[in-house]
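Below is one structure, written out as structure tokens; the observations come after it.
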Amino acid sequence: MSEILFDEIPSLDLADFTSGDAERKAQFVKQLGEAYQNIGFIALRNHGLSDELTEKLYAATKEFFALPDEVKQTYENPELAGQRGYVGKGKEKAKGFNTGDLKEFYHVGQELSDIPDSDPIKAEYPANIFPTEVPAFKEVTLEAYRKLEAAGKQVLRAIAVHLGLEENYFDEKVKYGNSILRPIHYFPIENPDSVPADAVRAAEHGDINLITLLMGASADGLQVLRRDGQWIPITALPEQVIVNVGDMLARLTNNKLKSTIHRVVNPPRELMHTSRYSIPFFMHPRSEMDLTCLESCIDEQHPKAFPDATAGEYLNERLVELGLKKA
Numbered sequence: 001m002s003e004i005l006f007d008e009i010p011s012l013d014l015a016d017f018t019s020g021d022a023e024r025k026a027q028f029v030k031q032l033g034e035a036y037q038n039i040g041f042i043a044l045r046n047h048g049l050s051d052e053l054t055e056k057l058y059a060a061t062k063e064f065f066a067l068p069d070e071v072k073q074t075y076e077n078p079e080l081a082g083q084r085g086y087v088g089k090g091k092e093k094a095k096g097f098n099t100g101d102l103k104e105f106y107h108v109g110q111e112l113s114d115i116p117d118s119d120p121i122k123a124e125y126p127a128n129i130f131p132t133e134v135p136a137f138k139e140v141t142l143e144a145y146r147k148l149e150a151a152g153k154q155v156l157r158a159i160a161v162h163l164g165l166e167e168n169y170f171d172e173k174v175k176y177g178n179s180i181l182r183p184i185h186y187f188p189i190e191n192p193d194s195v196p197a198d199a200v201r202a203a204e205h206g207d208i209n210l211i212t213l214l215m216g217a218s219a220d221g222l223q224v225l226r227r228d229g230q231w232i233p234i235t236a237l238p239e240q241v242i243v244n245v246g247d248m249l250a251r252l253t254n255n256k257l258k259s260t261i262h263r264v265v266n267p268p269r270e271l272m273h274t275s276r277y278s279i280p281f282f283m284h285p286r287s288e289m290d291l292t293c294l295e296s297c298i299d300e301q302h303p304k305a306f307p308d309a310t311a312g313e314y315l316n317e318r319l320v321e322l323g324l325k326k327a
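Counting from 1, one number per residue, gives the positions in the sequence shown under the UniProt record's numbering.
So, in structure tokens, the structure goes:
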């Protein structure tokens, strides 16, 4: 497949894949494959999130982050290494960076009541933590979680077809997977001189997981690093979510599918006092998933690039790098 330098990320319609029309489905898989082998990002329509749910989710997110820091900190449990609940300002840093990002966030994972007792994965997950001060937060985050998880499963089916695997290859691997919904608040900086010179909203990084589904943010700032070294801005239209390849999928495919470096840059100095909100859904598999490079993605020109690891082992390694977990 020839290399393509996209000036903007391709826009795809998930309804093409789920339509039952073989031609539309094949075209979707072709366009997805081209995008993921080149820039690693797409914009996706018909993903199942309604405008109403999106508005409710952002309203609850803003309401929580408007609470006093001392209230928010009651929902922070360092023993969970950021798996559930609140993670405070500047706590997370990108791999290779010493300065914390200018953000705070909240993690919602699988709801334990949704997982049957017979599934051993249930014992691996801590219970979700929900703020009592914002009653709507629990309902809207869990509904968005389930909608984005369902859309993510369809995207993974399209990826499996593109890779020449059985279409349901990922189904059992992501069933009750360790996925995370992360409402983020890039908090206002009243005095830009008070933060380190190298502090940014989110330093350049690749995502850990299989794929990320990102709802449209409240402000610009997301940029993706193209292979020619040029940063290109990404803004999702209201009806789109951005879906990008994560490092786990890059490992599995021996870098055939690209986990592209991206960042959230600071706004102009005169807008540093404003907030930015963003809500990504990080789609993770179950911890036992084998991330060993697929044989079909290894050849003389593309020797195996990664050591064997399970998803759980790789996640643990990355959480230490991010400063959320002690080695």
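The beta-carbon is built from N, C-alpha and C at its ideal position, and this holds for glycine as well.
Which of helix, strand or coil DSSP assigns to MET1: Interpretation of MET1 is limited by its pLDDT of 45, a score under 50 that renders its predicted location unreliable; the figure taken from the coordinates is listed afterwards. Collapsing the DSSP output to three states places MET1 in coil.
Below-8 Å beta-carbon distance, ILE129 vs any chain E residue: The chain labelled as chain E is not found in the depicted structure, where only one protein chain is given.
Selection from ALA158, GLU133 and GLY100 that minimises the alpha carbon distance to PHE64: GLU133
Given GLY312 as reference, the closest of PHE306, PRO285 and SER296 once Cα atoms are compared: PRO285
Boundaries (first-last residue) of the alpha helix (DSSP H) holding LEU148: 136-162
Residue nearest to residue 363 in terms of C-alpha spacing, selected from ASP101, LYS103, LYS91 and THR141: In this structure the chain extends from 1 to 327, so residue 363 is not present and cannot be described.
Residue range of the unbroken beta strand (DSSP E) whose run includes PHE130: No beta strand (DSSP E) holds PHE130; DSSP gives it neither H nor E.
Same chain, Cβ closer than 7 Å to LEU67, five either side skipped, listed in chain order: GLU133
Closest by C-alpha distance to VAL200, when choosing among LEU222, GLU76 and SER179: For the residues LEU222, GLU76 and SER179, the minimum Cα distance to VAL200 belongs to LEU222.
Where MET248 falls: helix, strand or coil (DSSP): Here MET248 carries a helix assignment [DSSP, helix/strand/coil].
Chain-order list of residues whose beta-carbon lies under 6 Å from that of PHE105 (same chain, five-residue window excluded): VAL87, ARG182 and ILE184
Run of the alpha helix (DSSP H) containing GLU70, from where it starts to where it stops: 69-72
Close beta carbons around THR54, own chain, < 7 Å, minus the five adjacent residues each side: MET215
For SER194, the three-state DSSP class (helix, strand or coil): Looking at SER194 - three-state DSSP - the assignment turns out to be helix.
Nearest to LEU102 (by Cα), restricted to the options LYS258, LYS89, VAL108 and GLY109: Checking every option, the nearest Cα to that of LEU102 belongs to LYS89.
Close beta carbons around ASN266, own chain, < 7 Å, minus the five adjacent residues each side: VAL200, ARG201 and MET272
Span separating the alpha-carbon of ALA81 from that of SER275: Going from the Cα of ALA81 to the Cα of SER275 covers about 25 Å.
DSSP state of SER296 mapped onto helix, strand, coil: helix
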